[in-house]
Each structure stands twice: as C-alpha cells, then as structure tokens.
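Note sheet for the following structure.
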Amino acid sequence: MPPITFPESLPVSSRREDIARALAEHQVIIVCGETGSGKTTQLPKIALALGRGRANTGKLIGHTQPRRIAASSVAKRIAEELKTPLGEIVGYKVRFQDRLQPGASVKLMTDGILLAETQTDPLLKAYDTIIIDEAHERSLNIDFLLGYLREVLPRRPDLKVIVTSATIDADRFAKHFESAKGPAPVLMVSGRTFPVEQRYRPFEESREYDLNNAICDAVDELWREGGGDVLVFLPGEREIREAAEALRKHHPPGVEVLPLFARLSQQEQDRVFEPHGQRRIVLATNVAETSLTVPGIRYVIDPGSARVKRYSYRNKVEQLQIEAVSQSSANQRAGRCGRVSNGICIRLYDEKDFLARPKFTDPEILRSSLAGVILRMKALGLGQVDNFPFIEPPPRKAIADGYQLLQELGAVDDFNELTPLGKELSRLPLDPRVGRMILEARSREALSEILIIASALSGQDVRDRPMEQQQAADEKHKKFDDEKSEFLGYLKLWKWIEEAKGGHGEHKLSNRRYEALLRENFVSPRRVREWKDIYSQLHTVVAEQGWRMNGSPATYEQVHLSMLAGLLGNLGCKSDEDDWYLGARGIKFWRHPGAHLSKKPGRWIVAAELVDTTRLFGRGIANIEPQWLPGIAGHLIKTQLLEPHWEKKAAEVIALERATLYGIVIYNSRRVNFGNVDPKAAREIFIREALVNGEWESRLPFLAHNARQIKKVEELEHKSRRQDVLVDDELIYAYYDSQLPPDVCSGATLERWYRQASKAEPKLLHLSQDELMRHEAAGVTSSAFPKMLRLGGVDCATEYLHQPGDARDGVTVTVPIYALNQVSEERAEWLVPGMLEAKIMALLKSLHQRPRSRLVPLPDFIKEFTATHTFAQGALVEVLLKAVKERSQIAVQRNDFKLEQLQAHLFMNFRVVDEHGRQLGQGRNLAALKAELGGQARSAFQALAALKLPASAQQQAPAAPLPPVAKGGIRAEVVQPNKKPVQDAAKTYTAWTFGELPELMEVSRGAQTLIGFPALIDRGAHVEIEVFDEPEVAAAKHRLGLRRLLALQLKEPLKFLERNIPDLQKMSVLFMSLGTAEDLREQIIGVALDRAFLAEPLPKDEFQFKARLEEGRSRLNLIAQEVARQTGVVLTEFSAASRKLKDARAAKDVAEDVTAQLQRLCPKNFVSATPWAQLQHLPRYLKAITARLDKLRADAARDAKLLAELRPLEQRYLRRVIELKGTADARLADFRWQLEELRVSLFAQELRTPQPVSVKRLEKVWAQISN
C-alpha cells in the first residue's frame, strides 16, 4: 500500500481525525459538506488509512456515485492522488466498463451496480465499508440502498457505512440509521466557496415583457459589474432555444451564447468546457446544478424553474413538468458562481416566493413508478414494500401503481405474489417493461430484433437534430423511417450503422472516417457507442440465461407482439373525429410531432412512452392489430356479456361479448354461445323463447302439437272476449323446466336428449288442452261463434280477436270484392249470436235513465228479447227500439241510442279482398267501404257473371264482333224455368222482342250463388241487356234503357214534339249560361216521356210494354207543354236571381253562398235531374234568393247571423255527400230539400213554406239520419 497523503487545501482534510474516530466508534456516520469540500475523494483514503480495504481485511471499500461519469472521474482522481495506476488499488465499475483488478481495495461504482450485486451477494460480504455519496439526490437507487443497508447492518456488525450529503438535510439520514447509541453522528465539513450576493428581480409576465426580456435585462445588469461568464438556468431545450435567440439579437456579436442540455451531442457539450477568450453566456438545464461544473462562471441568473420528471398515477406516464425548484436547488444554482471569486446570483422571483418553496426537492421515490423496486425487493425476499425501511416510505398510491404495472406485465398474480414469469423477470437486471419484452421475444423467436429495439429505447436517440440544421438532419434521417412502426425504424438504423462500417480488411472504414460518416448523417457516434453498449449488456443477459437468438428474421407480428407485452398500458385507439388517440384509463394522447414515420399511423397503435409536455405525446409509435390483444393481454382484458338472447337461426342462446383493455374497447358485439358461459341462465332463455314463445323451427313432434293446442285455446279466448282461459307463460315454462334435464340449453342439446328419451315415451313433452286451460270457456260454441257468415249470398270467413285498440278487435268478416255491394247493413248490425247480448247491453246502457230504469234487470230483458226475436231479422236498432217502447211505454226515438258510445268491437269489421286474397280495404263503416270500392265491386261481379254464362248462351253467341258494353255492365243470359226465355243477351233490340225480363237472376261461383239484376241499356239507336250487382244501379240504368225503347216506337210523334215545344227559343236564351237549346229540348222531352209512360210499376214483358205505349201516346203532347211551361218559370226566376246577384255587389261570403246555391238548384241538367215534385218549388227557392239580396243592403248583419245559423247544418250535409261517394241515400236527399225550405224560412219568410221548418227541427232530423 503506497503512503496516503491528504491535500491540506481541502476542508475535509482538517476533519479527517474526527471522521476516523467517528467511523471507528460507530457503524454508520453521516458526512455533510458542500460540493468542493473534498469529501468524495478523501473519504475512501480515510477508510484505507483506518486499515479497511482488501489489503487489510480482504474485503473492498465500496463507493457509490449517482452518475457513471462521476464514478469514473473520481476513481481516476483518487488513483492519481495515491500515485497508482487506475484499477490497481482504486478502480471503478459502471454499467458497461469494469476497471478493477483482483487485488484492488477501493471500488467506485454507480448505485445501480451495488443494487444489482445485492441479488448475488445479499449480505454484501464482498465489502467491509460502503460509502454512499451524494445521498441528498435521493434517487430511487439511493433510497433503496439506504433501506437495504439498514436491514443488512444488524447481520453484518463488521460493515461500516458512510453516507455523504451536500445539503443540511442530514438529520433525516441520522435518524434513519439510529442504533442503540442513538442517531448516527453527523460531521459537518465546510465547502470551498466565495461569498455570493443574492439579488431578487421579480417580473410580471405580459405580452410585451416575457422571461427572455427579463433575462436580457439581468445580463445587462451583471455585465455592468465587471468581467466573467454568466450561467442561466432554464427548464428545457425549447426555452434555451428561445432565450439564445433573444440574447443573440440583444447583444453585440462579440458575445458567445452556448446551450447546455443532456441531449446535446458530446461535441457541443464539450465546447462549454473549452478555454475561451470572449465573454460567454451559458444557457443550461438543471444538469449544471450538481453533475457538471462549468468553469469561469461569476454570475448566475435563476428563473427558479426546472423540468421535473413526475410519474402520474392516474395516467401511468412519467411527465416532464415545469415546476418551481426547491430552496436547496436554488442554493446549489447560486453556489455555481462562487467557485472562482465573489459571485452575484440574480433570481427572477422575489424573496417571499423563495422562502415559501419546499426546502428540498422531492425524492425520486415519491415521484416514480415502483414496479422495478417491488420486483427486485420480491426477488431479494425483502418482504412487503409497505414494511421496507425507506427513509421516506413511498405513498400507498405509488405502491399500488407499481403492483398494477407488474400485473400488466403478468409478473404478479391477483394476490401480488410473483408469477413464474415474474420470477424470471426479477432475475433480469433490467427495467421490468424491457425485461418483459425480452421474455416475450424469446418465446416468439424475435430476440435479435427486440434486443436492438429495447436497447435503443433504454438510451437516448442516436439521431442528432442540431438547431441550425434541422431540415438537413430530417432529410438524412428519412431513409431510416418505416411506414408503420418506429420500432422497425430502429432496426433499419441499426442495420445501416452496422453496414456503414464496412467489411474486413481494406474495405473497413477507419474509426475517424466512420465517425465522420455518422456525423454527416446526423447520427451521434457517442450515442451509437452507448446504444451498442446497452445492446451488448442485454445480449450478455440473454447469453447468461442460455437463450438462443433467432436465426431467421422475425415477422412484423412477432416483433410487435413482443413489444406489446411490455407496453400494454401504452395502447392507443384513434378517435373518429380528431387526431388524438384514446389511451389506457381514458387518457388522450397525440402522436409526437417528431415521430419517425413515413406515413400517418393507423387506427390502433402502441407507444414506447407517453410524455407530458405541452400536451400528452406518444413517442416510439407502431401500428398494431386489435386481434393480437386477446392472446397477449388476456390477463388484463375485461369482458362483458351483453344482451343474452335467443337466436332462431343458430338455435342457441347468444350473448354479445364486449372486451375492454384499460377502458379501450377492443371488440364489440362478438357473438358468444351463452350456454358455454352460463348454462343455467341460457337454459331459462331457451325455454322461454324457443319453447314457450315458439321461436324455434324444429321437426320435433311435441312443438307442432303444443302450438296447435295453444292456438285452439287462444281462439276460445278471442271468441269469449276473456283473456284468462289459457294458462300463463309461467306455468308453461314451469312444465318444460320440470321435464328437461339441466344441461339442455339449446336446440342441439334438446334434440340430442329428445331422440333418446322419446324412445321410452313417444308422447314426451306433449301438452293436453286441459293442461293449457284454467277453466272452461262457457258458451263458446260453433253456432254462437260461427266460422262462416252468409253475407250478400256468399259464405264469408270470420276471425275473432280480443285486443281492444286493435283495428281487428271483435269479429272481422272477409268479404270478396264481387259480393261487397250485396252485403246488407241490417245483417251486419246483428254481429254473431255469441256477441249479440253484449251489443244489446251496450245499446240499452246508452239510453237515458228514465226508459232504462223500466227495463231492469237488463240481463233478464236481454234474454227475453233474444228468445222472442228471430236473429238477424230486420235492422237491430229498429227491432230493439220497438221492444223498448213496448216495455217502457215511453216514446223512445232512434237517436236516443247513443251509437257513438259503443266500443268498436260491437260493430262488424269488414275486410274486403280481391280474388287472390289481397286486402283492398278494411273498416266498420260499410257505406264508406261501398262508396270507396263499389265501382271495383261491380266490375268484379260482372266479370264473374261473364265467366258463368250458361252454355246455351255461349253456343248461340254470334261470331261477328260485338258492340262495346256499357260501362259497368256484362252480357248475360237469364234462364227463367217454365217461361219464355230471354233471347241472346248479346243481341241488340229496337223493340220488345226478348221475352219477359225478370227482376233478378242467379250467378254461381263454385258452391256460392250470387243474385244479379238485369237491365236494359240505352245505346242510342238500340238497347241491350246487362246484369248488375246492385238493384238501385240496375233500376237507374233500366229506366233510361226503357225510355230509349219507347222513343224508338214513337219516332214520328217525337219529331213533331221537338218542333213544337212552346217558347223554346225564349227559354234557350235564358238557358244559354247553362247549355245549348238542344240540351234543353232533350231534357224536356225526356221528362215528358218519363211522366207519360214510366209510372211504376214498369212493364215486365211485351204485352205490358205495348199497353203502356198506347196508354201514354194520347197525353204526351199535353205533358210536354206542362214540362216546358214549368221549365220556363224556373229559368225566368233563375235569370232574375243571377242578375240581382251581379248588381248587388254582395260581400264575398254572401256572394259565394248564393253562387253555390244557384249551382245546386240549377245545374246544366236541372230539368231531368230534379224530381218533378221539387221542380214545382224551384221558382220559390229562386225568388227567395232575389228577396234575400234585396234585404241585404238594408241589414247585412242580419244576413250574416242567419247564414251562421244555417252553415253548420249545410256543412254536415255536404260532408256526408262526399263520404258516400255517389251512393244514393233517400233520407239525405230529403234533407237537402228541407235545407232549401229553411233558406226560404230564414231569408224570405214572406214566401212561406209548405210545412213549419227551423234550425232546431233540422238538427233533430240530422241526429236521426246520422244515427
């Protein structure tokens, strides 16, 4: 051992005896001194002088440093002071270098190296002394070592520990190592510094004045003090860039502005330490606080903030946040300008702010992820993290977070115990995430690639991007970019670096040329060396485990599945609307703007890290496929089964599975057989849906049998209008539940079981009608509720439904279109026998109380009524009205039955269908259906009659083409037994030569027989015979045909008559606004013929026809003159009223009302269209109009009042006319003439009316019509 000397210039040398004494007496001592006191270099020598170290005890003095550069430089310094070669007595071991010979006594190392050794040497028996230097930095490794040492010391009484700290926070360490003798002794050593003046220069940031302005002003102030360089502390690169730009603009060219931050290339960093002539401003991050000493600094400017790495427990990311620095950091910064002479420190905040700050920076353990610590502690068997003697125990949240990451990696189970994978992971001296990737790569045969990528992610990016050459750098780096994955970019970069060196011999580049090539491509040689070092370290770890590298290149999937294994918490799924990604636990992050990708990333990505700066960015991005995730993240994926439901086609219960990983939906609505997940619940759904609700198509005999039985019982329910006959679904469910074995939960399982079980019991699962009924449905017989009803001569199918509110509630009768016009309204009123009593009860209940009280008890009255009255004879309301009058002796009116109060099911519902069964219309208002579909019905009927012509008629039909048939008619032959048959219907007639014409004939359709009504059709020069389905239509057509046949017999008399109509010319002038003289002549002669020859009953055969002809011939001229005279009177009054309307200039509503009345009274065909009786009254109605217009000028208000009384009645009438769509209604026609009488009564009372008339009377009449 060479002689040991201590430089007297160092403050620590003067305290060496105190330190030696304390170390001899205590197991742990704390040495507290500022940077520059010499403690780092002299303490190992003091321990050597005390007789410790390998030369004396055979063991080492271990000395830890927080940084590699410090460990190597301190080792070199001590070796120089001992005048021995490096490694002989003093050596160092850092992550990639070991400069220590076997006989050495002092070993400098990073704290991480000593921690790694605890795995192979738990009691640290290789050491007799351990010095933990710079303990005030409180990195994770330091805290872990301090806790670990406290555990080890009782078991190693010979071990001495020296803890050094640059700050006065030594009491915390002293208490931590408290023993029976009390707290560990603290020895203070003063630092080698000059006094520093503190100046506080707070500023208020605004748009005009920001941090850079404050820095420029501070520099100006300092340079007025004299020579020396300025060190400015700033939080990060961006702030340094902005400040550099501001200072270069502000100061003359003689000033050198130098940046200093960790990511600068070695070359740029070295410039700070080179000797220089001009003044300098160094802009540095907190790297310059303790790690690097910048020479020649006399002034410090401290804005008081730094970027601090904090782990966010919520987002599971480490965030670089700008925070105010602690007092100890601020003092360290100020101390930087007191190394060479008196210094000045300008703080850009006030003293009050400084005093309010925390004294010390938070230890790393309070702002880090603890996964690696927990893993290592578990591997070392140190028990629970919660119980470990940390100086400051980490928050419980941090511990939970560490466990969570380990769970994500699959390293611990639900009880937080190490899994086999976790045990493997703990043996790798690597970050748990990297270790997990490597383990996955081993099984996926992607180790070669993953070692390259993992080592790239563990160090700094080798790509340089100097501020002044950013574009050029980006251009050079483009060749390394991949389309989909930055990880593959690292592989391209590695390959290029390997190939750039060249082969062996003359082709291999020299180191200098190689480094020049790297720089030319903006790749940092220093960082490339680091990358290779990390790679070889990982390679060594893998080799030690005996794992083989993959021979062939791994696929994209193999590489990225391996990466995913360690990065499951950094998944991202792109938002549909924007550029952000949804990450784990609901966080949002963005693609880092400097991402090395040649295309935009896809929908699903994984990021190597998430960094929170201006916003949360994902760095190291790669596209992944969501379908990879279940295989690799199965232990983390949460699945939910939603909406279990029966699927008829698949014949099984299906649930929709939704899988999420940390809240990100991986897949939705994946169909899963629910029977495999929850057979019990699936069985219940299967029984309810497939068997009870019949939602399954299978040929198993019991299903069809049970469905038939249920249908029968349901029909009984609808007919009896009771919903309690069929047992409820729960009882049917209970039946199947009791019969089926527990494992039957799908179509396939039931069929399999049924095939075997039904061999022994053929009627297995057959339900009987009795089992399905709660009680007998009394009174439900086929006579009470027939399946067919005879309507319009046709048997119509009936359907019964008990579902109030449904359009088909009650009884629905399906009527073929061809029979519609013959369906009787009266028959429909009676419904079916089984529903009659309910309808009568409802009708009686709608009566006033007085008549109703005389009928009680109503059920008895109803029974008596149904017993004494034949079903469906007459109109039900009329028959019932008569019975009520007889019993109550009260003059009950038809409209006392309030039909509108009856429920819909008490009126028959008609469903009209065509010959193919397609529905044409449906409703309970038969008149409205006839009005809507009557024309179609007539055509269908006539088409049917044409198909059913007797064979004789067909044989006799001439071959020549026939004249067209009148609209709505068919040609038919009617055969009347025992009478002279009608001649061939296809013939044309000019005289009655066709035998007797019956009133009706039969038309057959299958077993059905329909009644047709023959009629003569006017064809102008002749007549033909056609058959119709409605007597009214047939009668109207027949009358016109008969008139034509008469006219054909009276050609000469009619010619005379046409020439001799009295005053025809005069009348034609008055008729001009309505039509021609020819129209008027035709109408007058037509009415004269009707009145002379066509009085009821009409002739039915040739004899009657001829008799009628002779009878009327003599009076034809007289009648024609009478018709002409009456027509002339009407036209005179019409003309007067029209003139008066024109002259009166009446108000708009009066003018419109009078115009409409004139059009109604005198249309173009008024002579023939107006019944003869009413034609007599027309002049009075027209006179009333003139009188009204005369009175209008004198009292318009009276007219308006009277019109208001009249209008509601008239509107109701017109609405009904529209509803009937041309269907004749005698009562409605009569009401029309009563309205005209009311107008006379209201507007021209002096003209008198044949009988009393008033608004009230007409309202009563209307009520009867509408009921």
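Quick note: the sequence shown, position 482, residue 482 per the numbering used here, numbers continuous. Glycine included, every Cβ here is placed at the ideal spot set by N, Cα and C.
By the 10 Å Cβ neighbour count, where 16 or more other Cβ atoms means buried, how is Thr120 classified, buried or exposed?
-> exposed
In whole angstroms, what is the alpha-carbon distance linking Arg15 and Glu498?
-> 54 Å
Same chain, Cβ closer than 6 Å to Val559, five either side skipped, listed in chain order | Ala446, Glu449.
What number of angstroms, rounded off, separates the C-alpha of Asn623 from the C-alpha of Asp578?
-> 18 Å
Sub-9 Å separation of Glu134 and Pro66 beta-carbons = Judged by beta-carbon spacing, Pro66 lies within the 9 Å limit of Glu134, meaning their Cβ atoms are closer than that value.
Among the residues of its own chain, which have a CB less than 6 Å from the CB of Ala1263, if the five just before and after it don't count?
-> Asn895
Start-to-end residues for the beta strand (DSSP E) that takes in Met549 | Neither: Met549 is in no beta strand (DSSP E) and is coded neither H nor E.
Neighbour-count burial assignment, Gln1083, 16 or more Cβ in a 10 Å radius | buried
For Tyr581 and Gly546, believed in contact at Cβ under 8 Å, the rounded distance = Going by Cβ atoms, the distance from Gly546 to Tyr581 rounds to 39 Å, so no, they are not a contact pair.
For Pro235 versus Ser305, is the C-beta distance shorter than 9 Å?
-> yes
Please classify Trp646: does DSSP put it in a helix, a strand, or coil?
-> strand
For Ile1185, count neighbouring Cβ atoms within 10 angstroms of its own Cβ and tell me buried if that reaches 16, exposed if not.
-> buried
Per-residue burial, Asn693 [other beta carbons within 10 Å of its own, 16 or more giving buried] = Residue burial annotation: Asn693 is exposed, with fewer than 16 other C-beta atoms found within 10 angstroms of its C-beta.
Where do the ends of the alpha helix (DSSP H) carrying Phe233 lie?
-> Element bounds for Phe233: not the alpha helix (DSSP H) but the beta strand (DSSP E), 229-233.
DSSP three-state call for Ile666: helix, strand or coil?
-> strand
Use the C-beta contact count for Trp1172: other C-beta atoms within 10 angstroms, 16 or more gives buried, fewer gives exposed.
-> In summary, Trp1172 is exposed, with fewer than 16 beta-carbon neighbours lying within 10 Å of its beta-carbon over all protein chains present.
Quick one: complete beta strand (DSSP E) runs, 3+ long, within the region 24-58?
-> 28-33
Please name the residue, chosen from Ser552, Pro1179, Arg1216, that lies closest to Glu1133 on a Cα-to-Cα basis.
-> Pro1179
What do you reckon, are the CB atoms on Val912 and Ile817 nearer than 9 Å?
-> yes
Test item: CB-CB of Ala1226 and Leu1182 under 9 Å = no
With a cut-off of 8 Å, do at least 3 Cβ pairs link the region 606-621 to the region 648-656?
-> Too few Cβ pairs lie closer than 8 Å, so no.
Determine the contact status of Leu843 and Phe897, defining contact as a CB-CB distance below 9 Å.
-> yes
Nonlocal neighbours in the same chain, by C-beta distance under 7 Å from Pro394, ignoring five residues either side | Hits under 7 Å: Ile365, Leu366, Leu370.
Would you list the one or two residues that DSSP bridges to His63?
-> Its beta-bridge partners are Leu108, Ile131.
Backbone CA spacing between Val974 and Arg1005 [nearest angstrom] | Low per-residue confidence applies at Val974: pLDDT is 38, beneath 50, and the placement is therefore not dependable, though the value from the model is reported in the following sentence. Straight-line Cα distance between these residues: approximately 16 Å.
Flag this pair as yes or no: are the beta carbons of Gly33 and Val163 separated by less than 9 Å?
-> no
Meets three-Cβ-pair contact criterion under 8 Å: the region 528-544 and the region 396-414 = no
Bridge-paired residues (DSSP) for Asp1029 = Beta-bridge pairing links Asp1029 to no other residue.
What are the partner residues of Glu761, as DSSP defines its beta bridges?
-> Answer by DSSP bridge pairing: none, since Glu761 is not bridged.
Cα-Cα separation, Trp496 to Ser443 = 27 Å
Cβ-based burial, Arg548 [other Cβ within 10 Å; buried from 16] = exposed
Buried or exposed (CB count within 10 angstroms, at least 16 for buried), Leu962 = Note that Leu962 has pLDDT 36, beneath the 50 cutoff, so the model's placement of it is unreliable and no number is given.
Kindly indicate the opening and closing residues of the beta strand (DSSP E) around Ala608.
-> 604-612
Inter-residue Cα distance where the pair is Leu1258 and Arg924 = 27 Å
Could you check the C-alpha separation between Asp1149 and Leu1158 for me, to the nearest Å?
-> 14 Å
Given that a residue counts as buried once 16 or more other Cβ atoms are within 10 Å of its Cβ, and exposed if not, what is Arg307?
-> By the 10 Å Cβ count, Arg307 comes out buried.
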